[in-house]
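Q: My questions will all concern the structure given below.
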Amino acid sequence: MVPLHSLVMYRTKPAIALSCDPDRILIRGIDGEERRVRPKDLVLLHNGPIVAFPEKRSSAETVEALELLQEEHPEGLALISWKEFAELAWGDARPEHIVAAWHSLLGNPAVEILDEGIRIRSLEEHQKLLEKEKKKKETAETRAAFIDSFRRAWKKRDPALIEKNPLFQPFFDELGRCARGLGGESPLARELGIKMTPQAVHEALLATGYWNIAFNPWPERNGCIMSPPPAPDGIGERPELELERLDLRQLSSYAIDNAWSNDPDDAISFDGERVWIHVADPASVISPLSKLDSEAMARGSTLYLPERTVPMLNASLVQALGLGLAPESRALSFGITLREDGRIAQTQIVPSTVKVERLTYEQADALLETSPALQKLQALAEIRAAMRRGLKAVDIDFPEVSIKVRDEDPSFLPVPQTHSARMVQEFMILAGEAAARWAYERKIPFPFASQDPPASASLAGCGMGPSQSLAENYGRRRVMRGALVSSTCAAHAGLGLSFYSQVTSPLRRYQDLLAHYQIHAILAKERQSGHAGAAADAPIPLDSETMDARLYIYSQQAAKNRQAERDSRAHWILVYLSRHRDWRGQGLVLDASAENGQIFIPEFGYEVQMRLPRGTKPDEAVMLALRRVSIPELSAGFDIVPQNL
Numbered sequence: 007m008v009p010l011h012s013l014v015m016y017r018t019k020p021a022i023a024l025s026c027d028p029d030r031i032l033i034r035g036i037d038g039e040e041r042r043v044r045p046k047d048l049v050l051l052h053n054g055p056i057v058a059f060p061e062k063r064s065s066a067e068t069v070e071a072l073e074l075l076q077e078e079h080p081e082g083l084a085l086i087s088w089k090e091f092a093e094l095a096w097g098d099a100r101p102e103h104i105v106a107a108w109h110s111l112l113g114n115p116a117v118e119i120l121d122e123g124i125r126i127r128s129l130e131e132h133q134k135l136l137e138k139e140k141k142k143k144e145t146a147e148t149r150a151a152f153i154d155s156f157r158r159a160w161k162k163r164d165p166a167l168i169e170k171n172p173l174f175q176p177f178f179d180e181l182g183r184c185a186r187g188l189g190g191e192s193p194l195a196r197e198l199g200i201k202m203t204p205q206a207v208h209e210a211l212l213a214t215g216y217w218n219i220a221f222n223p224w225p226e227r228n229g230c231i232m233s234p235p236p237a238p239d240g241i242g243e244r245p246e247l248e249l250e251r252l253d254l255r256q257l258s259s260y261a262i263d264n265a266w267s268n269d270p271d272d273a274i275s276f277d278g279e280r281v282w283i284h285v286a287d288p289a290s291v292i293s294p295l296s297k298l299d300s301e302a303m304a305r306g307s308t309l310y311l312p313e314r315t316v317p318m319l320n321a322s323l324v325q326a327l328g329l330g331l332a333p334e335s336r337a338l339s340f341g342i343t344l345r346e347d348g349r350i351a352q353t354q355i356v357p358s359t360v361k362v363e364r365l366t367y368e369q370a371d372a373l374l375e376t377s378p379a380l381q382k383l384q385a386l387a388e389i390r391a392a393m394r395r396g397l398k399a400v401d402i403d404f405p406e407v408s409i410k411v412r413d414e415d416p417s418f419l420p421v422p423q424t425h426s427a428r429m430v431q432e433f434m435i436l437a438g439e440a441a442a443r444w445a446y447e448r449k450i451p452f453p454f455a456s457q458d459p460p461a462s463a464s465l466a467g468c469g470m471g472p473s474q475s476l477a478e479n480y481g482r483r484r485v486m487r488g489a490l491v492s493s494t495c496a497a498h499a500g501l502g503l504s505f506y507s508q509v510t511s512p513l514r515r516y517q518d519l520l521a522h523y524q525i526h527a528i529l530a531k532e533r534q535s536g537h538a539g540a541a542a543d544a545p546i547p548l549d550s551e552t553m554d555a556r557l558y559i560y561s562q563q564a565a566k567n568r569q570a571e572r573d574s575r576a577h578w579i580l581v582y583l584s585r586h587r588d589w590r591g592q593g594l595v596l597d598a599s600a601e602n603g604q605i606f607i608p609e610f611g612y613e614v615q616m617r618l619p620r621g622t623k624p625d626e627a628v629m630l631a632l633r634r635v636s637i638p639e640l641s642a643g644f645d646i647v648p649q650n651l
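Okay, structure coming up:
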């Protein structure tokens, strides 16, 4: 039983017992608060009586007693009770002595306050603690100086007001992580009074000059992986596939792409009977569920930014497997025989060896004038396009602008409309249909791509073919539904196909690599079926559960990459506009059905919503003048001005 008016210790603070109930004891702490606590939570220091705490005052006796203990125990002392310490200091242990000792020792780095008494720290431990407290104090002072300096520069938008102190760097780093969307909230930003959003912190970093306007935080904000992928241990073909490559080097095969493409993964040729679509063959090197596969899945796709490209696969793999990057290339080739109406009659899929010539779209268009093989391919592509339109496919044709950044300076290059680009696109669709039909017939899980019919068949222009009206193309795009990828086969209404999968970009899209894993597994099984017994390590296709799980991860990351690419394009357009505040240029009206319409700026390939004058018509050209730009908010405002101004 704790005596009435005794001195006790509760959670390292002195208290006076005011009642002595068996189950709960009422105490008054040295802070003046009263509370009921369990007896086992108290340590009895003195039977008392004590009815009030003595005034807080410095105690020379406490200092002398502590110095004596430190001299006698330089290695430290595990515990000396409060009563023993008071007797050492005063020769007596009255309650007021214990309270005076507690006041004097509180906050002293030489000791640790405990309920039962004090622990004397060793001299070495004491010195380390003093250094830690000193560093903590210096950090607090530096933080306060940073906050004062940053706040003044931010409010006045004057970078010159930021003190040039290298010790400020950790605080800039914290704000930078917040502005890049990393690490959640920033206590420092909150203390500075910055709104707790990446965009608001971004604006503050621009205002203070720590970031320049060219810094692009959007890939990290969207959760993209920005580091290069790891290099493989080797680039040898998987032995369990027992590959037998068909020699197709005699064919004239062309990898046709933009001039700036560095990862050619598809090529086309014609042997007189069949269209051949040759595709880079990373699945012959990368095993499903391997480390390289998991890395590719986590990235989802190659990230194409105006200022840099972050590949899905290591550059050494792209260099070794890209079509036309070496005199001969390994490929997975789709040989497709077409009926007269463009429908698929037969599909052959084989590992192959090909010789590929790389062409730009412009070079291919020029070669179309003289090459019988390319002329035949173009004719077949037109038959295929007409067939799909007969199946209510939707054509959407929007101008493209390539944005390239060098030394933080963006340039804008319109992508020319070419015959060869449309031809290549048609054959990539053909390969996707052929692969999906092939997989469906063999009843294997496959990354089938599907799309529900548009919200309005008439607005989508189903089966009507290309439109010269930009506004009409915009309207078609608005009523299209999102595409889905899963192991369940369903029709792709936008393409007018009952079967479709994407298989022609395995170097830069994980979905395509998954398709190649399945194809290789079935081809290996078919090759081994004639043997006496299949090899113990023969590959087997991924099951539906594994396929869907990996497609889900891929889809999540690929969506982040696409958003980062869109945001990054907008970022560099706004960087350019920020440097050209007097910009004026043409806009084309995409939608004038509401007061706030949609306008397309051909110079940048940029769409913006803005208020339109009454009577504005779709496809009408208007003259725009820049009014405002906010890089952190990724927005710009324009005014429509008379054409003659």
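Under my numbering, the residues of the sequence shown are numbered 7 to 651, in order.
All C-beta atoms, glycine included, are put in the ideal place defined by N, C-alpha and C.
#1: Output the boundary residues of the alpha helix (DSSP H) element that contains ASN567.
#2: Assign PRO648 to buried or exposed, taking buried as 16 or more other Cβ atoms, counted over all protein chains shown, within 10 Å of its Cβ.
#3: Can you check DSSP and say which residues form a bridge with ASP263?
#4: Give the C-beta separation of ALA499 and GLN457 to the nearest angstrom, bearing in mind that I take them to be a contact with Cβ-Cβ under 8 Å.
#5: Helix, strand or coil for SER426? Go by DSSP, reduced to three states.
#6: Just to confirm the assignment, what range does the alpha helix (DSSP H) spanning GLU639 have?
#7: Can you tell me whether SER110 is buried or exposed? The criterion is at least 16 other CB atoms within 10 Å of its CB, across all chains shown.
#8: Suppose contacts are defined by Cβ-Cβ distances below 8 Å. Is PRO451 in contact with VAL491 by that definition?
#9: Can you check which of these residues, ARG244, GLN431, PRO223 and ILE559, is closest to ARG183 by C-alpha distance?
#10: Report all residues from its chain with a CB closer than 6 Å to the CB of ALA213; omit the five preceding and five following residues, and keep chain order.
#11: Can you check DSSP and say which residues form a bridge with TYR16?
#12: Whole angstroms are fine: how far does the CA of LEU188 sit from the CA of GLU118?
#13: Could you check the C-alpha separation between ALA538 and ASN268 for me, to the nearest Å?
#14: Are the CB atoms of MET318 and ALA302 nearer to each other than 8 Å?
#15: With a cut-off of 8 Å, do at least 3 Cβ pairs link the segment 500-510 to the segment 289-297?
#16: From what residue to what residue does the beta strand (DSSP E) around GLU40 run?
#17: Inspect the beta-carbon positions of TYR506 and GLU439 and report whether they are closer than 8 Å.
#18: Of the choices TYR560, GLU532 and SER561, whose alpha-carbon is the least far from that of PRO547?
#19: Just the C-alpha distance for TRP217 and TRP578, rounded to the nearest angstrom, thanks.
#20: CA-CA distance, GLU122 and VAL14?
#21: Enumerate in chain order the residues of its own chain whose CB-to-CB distance from ARG556 is below 7 Å, with the five nearest sequence positions on each side excluded.
#22: So, using beta-carbon positions, are TRP96 and LEU51 closer together than 8 Å?
#23: Below 8 Å, can you find three or more Cβ-Cβ pairs linking the segment 469-481 to the segment 397-410?
#24: Between the segment 72-80 and the segment 30-39, do three or more beta carbon pairs fall short of 8 Å?
#25: Ignore the nearest five residues each way along the sequence and tell me which others in GLU180's own chain have a CB closer than 6 Å to its CB.
#26: May I ask you to report which of helix, strand or coil DSSP gives TRP282?
#27: Let's test the definition: count the other Cβ atoms within 10 Å of the Cβ of LYS566 and tell me whether it reaches 16, buried, or not, exposed.
#28: Quick test of your reading: PHE564 and SER275, contact by CB under 8 Å. State the CB separation rounded to the nearest angstrom.
#29: Just to confirm before moving on: does the CB-CB distance between ASP47 and TYR16 stay below 8 Å?
#30: Within the chosen definition, does the segment 600-614 reach the segment 628-642 through at least 3 CB pairs nearer than 8 Å?
#31: Tell me whether the beta-carbon of VAL360 lies closer than 8 Å to the beta-carbon of LEU257.
#32: Pull the bridge partners of ILE33 from the DSSP assignment, please.
#33: Does the Cβ of ARG196 have 16 or more other Cβ atoms within 10 Å, making it buried, or fewer, making it exposed?
#34: Look at LEU510 and ASP263 and say whether their C-beta atoms are less than 8 Å apart.
#35: For ALA538, name the three-state secondary structure that DSSP assigns.
A: Concretely, from the data shown:
#1: Taking the first residue of the sequence shown as position 1, residue 567 is located at position 561. Here the alpha helix (DSSP H) through ASN567 covers 550-585.
#2: Against the sequence shown, residue 648 aligns to sequence position 642. Label assigned to PRO648: exposed.
#3: Looking up residue 263 in the sequence shown gives position 257. Its beta-bridge partners are THR366.
#4: Mapped onto the sequence shown, residue 499 falls at position 493. Mapped onto the sequence shown, residue 457 falls at position 451. The C-beta separation of ALA499 from GLN457 comes to about 5 Å, placing the pair in contact by the 8 Å criterion.
#5: Along the sequence shown, one-based indexing puts residue 426 at 420. SER426 falls in the helix class under three-state DSSP.
#6: Position 633 of the sequence shown holds residue 639. Unbroken run through GLU639: none, as it is neither H nor E.
#7: The residue given as residue 110 occupies position 104 in the sequence shown. SER110 comes out buried.
#8: The sequence position of residue 451 within the sequence shown is 445, counting from 1. The sequence position of residue 491 within the sequence shown is 485, counting from 1. No, the pair does not count as a contact, with Cβ atoms beyond the cut-off.
#9: Your numbering for residue 183 matches position 177 in the sequence shown. Taking only the C-alpha atoms, the option nearest ARG183 is PRO223.
#10: One-based indexing of the sequence shown puts residue 213 at position 207. Here the set comprises TRP160 and ARG163.
#11: As a working note, residue 16 is residue 10 in the sequence shown. Answer is LYS19, bridged to TYR16.
#12: What you label residue 118 is simply residue 112 of the sequence shown in a count that begins at 1. What you label residue 188 is simply residue 182 of the sequence shown in a count that begins at 1. Answer to the nearest angstrom: the Cα atoms are 38 Å apart.
#13: Taking the sequence shown and counting its residues from 1, one reaches residue 538 at position 532. Taking the sequence shown and counting its residues from 1, one reaches residue 268 at position 262. Note that ALA538 has pLDDT 49, beneath the 50 cutoff, so the model's placement of it is unreliable and the number below is only indicative. Taking the straight line from one Cα to the other gives about 44 Å.
#14: Walking along the sequence shown from the start, residue 318 turns up at place 312. Walking along the sequence shown from the start, residue 302 turns up at place 296. Yes; because the gap between Cβ atoms is below 8 Å, this pair is in contact.
#15: no
#16: Here residue 40 refers to the residue found at position 34 when the sequence shown is read from its first residue. GLU40 -> beta strand (DSSP E) spans 40-43.
#17: The count along the sequence shown starts at 1 and reaches residue 506 at position 500. The count along the sequence shown starts at 1 and reaches residue 439 at position 433. Contact: yes.
#18: Position 541 of the sequence shown, counted from the first residue, corresponds to residue 547. Of the listed residues, the one whose Cα sits closest to PRO547 is GLU532.
#19: Here residue 217 is taken as the residue at index 211 of the sequence shown, counted from 1. Here residue 578 is taken as the residue at index 572 of the sequence shown, counted from 1. C-alpha separation (whole angstroms): 15 Å.
#20: Here residue 122 refers to the residue found at position 116 of the sequence shown. Here residue 14 refers to the residue found at position 8 of the sequence shown. Whole-angstrom Cα-Cα distance: 10 Å.
#21: Within the sequence shown, residue 556 is the residue found at index 550, counting from 1. Cβ neighbours of ARG556 beyond the five flanking positions: MET303 and LEU520.
#22: For the purposes of this step, residue 96 is taken as residue 90 along the sequence shown, with counting starting at 1. For the purposes of this step, residue 51 is taken as residue 45 along the sequence shown, with counting starting at 1. No, the Cβ-Cβ distance between TRP96 and LEU51 is not below 8 Å.
#23: Yes: the two stretches touch, three or more of their Cβ pairs being nearer than 8 Å.
#24: no
#25: Counting from one through the sequence shown, the residue named residue 180 turns up at place 174. SER192 and LEU194.
#26: Your numbering for residue 282 matches position 276 in the sequence shown. In the structure shown, TRP282 sits in a strand (DSSP, three-state: E or B).
#27: Position 560 of the sequence shown holds residue 566. Burial call: buried.
#28: Reading the sequence shown from its first residue, position 558 is the one you call residue 564. Reading the sequence shown from its first residue, position 269 is the one you call residue 275. Position check: residue 564 holds Ala in this sequence, whereas Phe was assumed. Incorrect: roughly 29 Å between the Cβ atoms, too far for contact.
#29: The residue given as residue 47 occupies position 41 in the sequence shown. The residue given as residue 16 occupies position 10 in the sequence shown. For ASP47 and TYR16, yes; Cβs fall inside 8 Å.
#30: yes
#31: Position 354 of the sequence shown, counted from the start, is the residue given in the question as residue 360. Position 251 of the sequence shown, counted from the start, is the residue given in the question as residue 257. In this structure, LEU257 lies closer than 8 Å to VAL360 by Cβ.
#32: Counting from 1 along the sequence shown, the entry for residue 33 is found at position 27. ILE33 is bridged to ALA23 and ARG41.
#33: Walking along the sequence shown from the start, residue 196 turns up at place 190. It is exposed - the Cβ of ARG196 has fewer than 16 other Cβ atoms within 10 Å.
#34: Here residue 510 refers to the residue found at position 504 when the sequence shown is read from its first residue. Here residue 263 refers to the residue found at position 257 when the sequence shown is read from its first residue. First, the amino acid is wrong: residue 510 is Thr here, not Leu. Contact flag unset, no.
#35: By one-based count along the sequence shown, residue 538 stands at place 532. Any reading at ALA538 needs caution, since the residue's pLDDT is 49, under 50, leaving its predicted position unreliable; the model's value is listed next. When secondary structure is reduced to three states using DSSP, ALA538 falls in the coil class, being assigned neither helix nor strand.
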